[in-house]
Amino acid sequence: RVYLDPAMYGDQELRVSAVDSLRESVRRALLQKPSLTPYFLELALLDSLSYDQATNQGGPDGSIIKAVVSSKDTDAHTKSLQECAAVLIEAKKNLKKLSSITI
């Protein structure tokens, strides 16, 4: 899950820096491999549409990443989704140096 608690950052500049860092990581991945674009969009949609009203869980919180990474499917589509998830996980690792955002 992604939590952006303003109290943990202390100021607006650090929040903006965190978002810009994540955005830049995805941008670099897309410039290196433009064919991943629809898969990043699909990850975002799958994550958003995973909301379960009964349990109030899921939604756009990054929970889909774990499901994609743990998938045992070996088809090209799943591999592309896993590649996108790996980019986001790496961006998270780099971001931990700046802040306390968690996925």
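For the sequence shown, the positions run 38 to 140 when the working numbering is used. Don't be surprised by glycine CBs; every beta carbon is placed ideally from N, CA and C. Just so you know, these numbers come straight off a predicted model, no measurement behind them.
Secondary structure at residue 90: coil, using DSSP grouped into helix, strand and coil. Bounds of the alpha helix (DSSP H) holding residue 100 are 100 to 106.
Residues 66, 67, 117, 120, 121 of the same chain have their beta carbon placed closer than 7 Å to that of residue 73, with the five preceding and five following residues left out of the count. The beta carbons of residue 105 and residue 132 sit no closer together than 8 Å.
Taking the Cβ atoms as the reference, residue 87 lies roughly 11 Å from residue 102, outside the contact range of under 8 Å. Under the DSSP assignment, residue 85 falls in the alpha helix (DSSP H) whose first and last residues are 74 to 85.
Spatial neighbours of residue 97 in its own chain (CB-CB distance under 6 Å, excluding positions within 5 residues in sequence) are listed in chain order as 84, 85. DSSP, reduced to helix, strand and coil, places residue 111 outside both helices and strands of the structure shown, so it counts as coil. Taking the Cβ atoms as the reference, residue 63 lies roughly 7 Å from residue 124, within the contact range of under 8 Å.
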